[in-house]
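Note that the protein sequences, when read in sequence, are chains A and B.
Going by our numbering, the residue at position 151 of the first sequence is 151; the numbering climbs one at a time, nothing skipped.
Going by our numbering, the residue at position 142 of the second sequence is 142; the numbering climbs one at a time, nothing skipped.
Ideal placement from N, C-alpha and C gives every residue a C-beta, glycine not left out.
These numbers come from a predicted model, not from an experiment.
Everything on this sheet refers to the single structure shown next.
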Amino acid sequence: MINLLPDTKNIITNWMRYKGVVGVISSFVLGGYILVAAGSAGWWLFLTRQDESVKKEIASLTQQISDLKATETAVRAVDERVGVVNSFLTGRADPAKIMAGFLAQVIDGVKISGWSWKSDKNVTVATIEAADLQVIETFRQKIKGSKIINLTRSKEGLWVAEMQL
Amino acid sequence: MGSGNAVVKKWLWLAYPAMVMLLIGFSWQWLVAGPDQIWQKIAVKQQKVAAQQLQAASLRQKAAVLGEQDVNKLQGQVGFLESVVPVENRVSALLALSRQAAGGSVSINGYKWATGGGLTLSLGVADLTVLRDLLTRLQQTIPLLAVKSVKLAGESAEVGLEVAWKPARTVEAVADKPLPILTGVVEQLQQKLAVYITPVVGVATTSGETVKPDPFSE
Numbered sequence: 001m002i003n004l005l006p007d008t009k010n011i012i013t014n015w016m017r018y019k020g021v022v023g024v025i026s027s028f029v030l031g032g033y034i035l036v037a038a039g040s041a042g043w044w045l046f047l048t049r050q051d052e053s054v055k056k057e058i059a060s061l062t063q064q065i066s067d068l069k070a071t072e073t074a075v076r077a078v079d080e081r082v083g084v085v086n087s088f089l090t091g092r093a094d095p096a097k098i099m100a101g102f103l104a105q106v107i108d109g110v111k112i113s114g115w116s117w118k119s120d121k122n123v124t125v126a127t128i129e130a131a132d133l134q135v136i137e138t139f140r141q142k143i144k145g146s147k148i149i150n151l152t153r154s155k156e157g158l159w160v161a162e163m164q165l
Numbered sequence: 001m002g003s004g005n006a007v008v009k010k011w012l013w014l015a016y017p018a019m020v021m022l023l024i025g026f027s028w029q030w031l032v033a034g035p036d037q038i039w040q041k042i043a044v045k046q047q048k049v050a051a052q053q054l055q056a057a058s059l060r061q062k063a064a065v066l067g068e069q070d071v072n073k074l075q076g077q078v079g080f081l082e083s084v085v086p087v088e089n090r091v092s093a094l095l096a097l098s099r100q101a102a103g104g105s106v107s108i109n110g111y112k113w114a115t116g117g118g119l120t121l122s123l124g125v126a127d128l129t130v131l132r133d134l135l136t137r138l139q140q141t142i143p144l145l146a147v148k149s150v151k152l153a154g155e156s157a158e159v160g161l162e163v164a165w166k167p168a169r170t171v172e173a174v175a176d177k178p179l180p181i182l183t184g185v186v187e188q189l190q191q192k193l194a195v196y197i198t199p200v201v202g203v204a205t206t207s208g209e210t211v212k213p214d215p216f217s218e
């Protein structure tokens, strides 16, 4: 005869084998959970206290700085004027330097009869005179980037060249 | 009934892991996945606190630097810097400075005021070297000058000058804005400009009167 009823006794007996392991695992999981939860709560509490403490410090420092308002304004005024002075010193063109470079190229046989320069156009023009045209050409070659913009002959028979430097 | 209780008693040990699972299941909602998301809140708060600590460190440093400053010294430095680049167009200084720069090597034959507020000098110069030296000296003055144009023809030259100036800009203290670094900056400028010439626009006398010398008198 076939017994169709469940064998409750056997099922319980089989499950009872895992009782110990399940209990240990559950304890570990519960312990871990409690640690994580307590850690999170503790960390939250720590951060909250730190937040309050930093906020208080910021308020106190802001007040200190506010009390030194006149000093801060003076520091910023100095910085602003330093910027103005440096900007002017570095921004202005120096014709003396341009001229010094030009004079260093002078060769015998050339007379410089004129020199002009404008800061807004940044163009330098020199008028030179020489008896020999080749001397003028030699002079031009010595000054890098220069070009002759006008060449005439004077009554005295000298070559007069206007050079853009 | 008695056998039923016995079965329940036999399965009771499963209540413990079931409760642990339920506890974790619900708290997972609270800690990670739920609307509160405590871990996310912790992360946000941590970032906020870190940012505030940085701000506090910056303010602490600013307060320390400000505490070391001497207002009178700073105001003196502003005064020096405003003498180098004045807050108003001091065209009157141009003539005195030009004369001092010219010295004995260059004769000033005349001058005219330019419409833009500058000055054009007519000079007698022997050669280009003298003119170059004059230009060098003109750019070493306090207040600072800018040479705008130079025109030399033979032994006469015309030099266009402008004096540096810039109106004062209103500056305000801003508590949470970092301070500019000024350590040694003004001192370096003072050292650099120490050799620059300054205009003699007035000589204090013992009686307290101020005598303004004729800029062209020898």
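Same chain only: Cβ atoms within 8 Å of residue i, ignoring 5 sequence neighbours per side
i, result
"residue 186 of chain B", "77, 80, 81"
"residue 102 of chain A", "115, 124, 126, 143, 165"
"residue 138 of chain B", "97, 98, 101, 145, 147, 159, 161"
Expected contact under 8 Å - CB spacing of residue i and residue j to nearest Å
i, j, result
"residue 104 of chain B", "residue 156 of chain B", "In fact, because the Cβ distance is near 18 Å, the residues do not count as touching under 8 Å."
"residue 165 of chain A", "residue 130 of chain A", "With 8 Å as the limit, residue 165 of chain A and residue 130 of chain A do not qualify as a contact, their Cβ atoms being about 16 Å apart."
"residue 65 of chain A", "residue 175 of chain B", "5 Å"
"residue 71 of chain B", "residue 70 of chain A", "6 Å"
"residue 42 of chain B", "residue 15 of chain A", "Actually they do not touch by this definition, with Cβ atoms about 40 Å apart."
"residue 47 of chain A", "residue 49 of chain B", "6 Å"
Spatial distance of residue i from residue j (CA atoms)
i, j, result
"residue 19 of chain B", "residue 25 of chain B", "10 Å"
"residue 63 of chain B", "residue 180 of chain B", "13 Å"
"residue 171 of chain B", "residue 92 of chain B", "28 Å"
"residue 135 of chain A", "residue 83 of chain A", "47 Å"
"residue 189 of chain B", "residue 75 of chain A", "16 Å"
"residue 29 of chain A", "residue 66 of chain B", "56 Å"
"residue 214 of chain B", "residue 110 of chain B", "Note on residue 214 of chain B: pLDDT 40, under 50, position unreliable in the model; no value is reported."
"residue 20 of chain A", "residue 27 of chain B", "25 Å"
"residue 202 of chain B", "residue 87 of chain A", "Any reading at residue 202 of chain B must be qualified, since the residue scores a pLDDT of 43, below 50, and its modelled position is unreliable; the value itself is stated next. Computed Cα separation, rounded: 29 Å."
"residue 151 of chain A", "residue 157 of chain A", "13 Å"
"residue 12 of chain B", "residue 23 of chain A", "12 Å"
"residue 59 of chain B", "residue 85 of chain A", "29 Å"
"residue 37 of chain B", "residue 44 of chain B", "11 Å"
"residue 16 of chain B", "residue 57 of chain A", "49 Å"
"residue 155 of chain A", "residue 89 of chain B", "47 Å"
"residue 145 of chain A", "residue 97 of chain A", "16 Å"
"residue 74 of chain B", "residue 53 of chain A", "34 Å"
"residue 54 of chain B", "residue 47 of chain B", "11 Å"
"residue 163 of chain A", "residue 89 of chain A", "29 Å"
"residue 151 of chain B", "residue 173 of chain B", "47 Å"
"residue 26 of chain A", "residue 63 of chain A", "55 Å"
"residue 148 of chain A", "residue 132 of chain B", "23 Å"
"residue 45 of chain A", "residue 51 of chain B", "18 Å"
"residue 9 of chain B", "residue 35 of chain A", "31 Å"
"residue 67 of chain A", "residue 73 of chain A", "12 Å"
"residue 104 of chain A", "residue 191 of chain B", "30 Å"
"residue 141 of chain A", "residue 61 of chain B", "60 Å"
"residue 134 of chain B", "residue 78 of chain A", "31 Å"
"residue 49 of chain A", "residue 61 of chain A", "18 Å"
"residue 166 of chain A", "residue 81 of chain A", "Since the displayed chain A opens at 1 and closes at 165, residue 166 of chain A lies outside it and no answer follows."
"residue 32 of chain A", "residue 22 of chain B", "15 Å"
Selected residue, minimal CA-CA separation from residue i, among the options
i, options, result
"residue 130 of chain B", "B/144, B/192, B/106, B/146", "B/106"
"residue 197 of chain B", "B/167, B/28, B/136", "B/136"
"residue 183 of chain B", "B/165, B/68, B/140, B/126", "B/68"
"residue 100 of chain A", "B/13, B/89, B/43, B/128", "B/128"
"residue 122 of chain A", "A/112, A/52, A/73, A/92", "A/92"
"residue 161 of chain A", "A/42, A/117, A/96, A/112", "A/112"
"residue 120 of chain A", "A/47, A/137, A/94", "A/94"
"residue 116 of chain B", "B/164, B/133, B/75, B/73", "B/164"
"residue 153 of chain A", "A/105, A/139, A/128", "A/128"
Same chain, Cβ closer than 7 Å to residue i, five either side skipped, listed in chain order
i, result
"residue 133 of chain A", "159"
"residue 84 of chain B", "142, 143, 144, 193"
"residue 114 of chain B", "120, 160"
"residue 59 of chain A", "none"
"residue 112 of chain B", "120"
"residue 207 of chain B", "Low confidence applies here, because residue 207 of chain B scores a pLDDT of 35, under 50, leaving its location unreliable; read the following figure in that light. Within the same chain, residue 207 of chain B has no close Cβ partners at all."
Below-9 Å beta-carbon distance, residue i vs any chain D residue
i, result
"residue 139 of chain A", "The displayed structure is made up of protein chains A and B, and chain D is not among them."
6 Å Cβ shell around residue i - same chain, five flanking residues per side excluded
i, result
"residue 98 of chain B", "121"
"residue 162 of chain B", "118, 146, 148"
"residue 87 of chain B", "167, 168"
"residue 140 of chain B", "196"
Residue i beta carbon near the ligand HEM (any heavy atom closer than 8 Å)
i, result
"residue 169 of chain B", "Summarising the ligand content, the structure contains no ligands, and the ligand HEM is consequently not present."
Return the residues of the region 117-145 of chain B that lie within a Cβ-Cβ distance of less than 9 Å from chain A, sorted by chain order.
-> 127, 128, 129, 131, 132, 133, 134, 135, 136, 137, 138, 139, 144, 145
Members of the region 93-112 of chain A that neighbour chain B once the beta carbon cut-off is set at 7 Å | 94, 95, 96, 99, 100, 103, 112
Taking a cut of 7 Å between CB atoms, which residues from the region 72-94 of chain B lie near chain A?
-> 74, 75, 77, 78, 81, 82, 84, 85
Taking Cβ-Cβ distances below 8 Å as the criterion, which residues of the region 55-73 of chain A are in contact with chain B?
-> 55, 57, 58, 61, 62, 64, 65, 66, 68, 69, 70, 71, 72, 73
According to a CB-to-CB cut-off of less than 7 Å, which residues of the region 52-66 of chain B neighbour chain A?
-> 52, 53, 55, 56, 59, 60, 62, 63, 66
Which residues, in chain order, does the region 30-56 of chain A contribute to contact with chain B at a C-beta distance below 9 Å?
-> 30, 33, 36, 37, 40, 41, 43, 44, 47, 48, 50, 51, 54, 55
Closer than 7 Å, Cβ to any Cβ of chain B: which residues of the region 10-28 of chain A, in chain order?
-> 12, 19, 22, 23, 26
Check each residue of the region 139-163 of chain A: if its Cβ is closer than 9 Å to any Cβ of chain B, include it; give the result in chain order.
-> none
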